[in-house]
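> Numbered per the working numbering, the sequence shown spans residues 29 to 108.
Have a look at this one before I ask anything.
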Amino acid sequence: MHTQKRTMTSEYQFINIGSFSDTFQANFAKEILLSNGITCRIVGDAFQIIETSPAQKISLEINSEDFLKAKELLEIYFEL
29 MHTQKRTMTS EYQFINIGSF SDTFQANFAK EILLSNGITC RIVGDAFQII ETSPAQKISL
89 EINSEDFLKA KELLEIYFEL
């Protein structure tokens, strides 16, 4: 797994931990992380109602300090 970009916002440095083909999967992953105390956000969903094309991925970003814990949790549910 590799990180693609880093974004600073207030006290967090966000990094990309994975991409998803639909909003449901991205939100499921986000809820897993949030319920385990990991700060995260979805980038690129724009409240899509219809499926995105394979080229339009929805990214999940996390606080860089939580990378190892988040990766471990997401690998239980997803192939990232």
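The C-beta atom is built at its ideal place from N, Cα and C for all residues, glycine as well.
Which value, in whole angstroms, describes the spacing of the CA atoms of G65 and S49?
Near 24 Å, if we compare the C-alpha coordinates of S49 and G65.
> Compare the beta carbon distance of I70 and L96 with 7 Å and say whether it is the shorter of the two.
Contact flag unset, no.
> Within 10 angstroms of the Cβ of F52, are there 16 or more other Cβ atoms? Answer buried if so, exposed if not.
F52 should be labelled exposed.
> Hey, quick one: how far does the beta strand (DSSP E) through Q41 stretch, first residue to last?
Where Q41 is concerned, the enclosing beta strand (DSSP E) stretches over 40-48.
> Can you look up N55 in the DSSP assignment and give me helix, strand or coil?
Helix.
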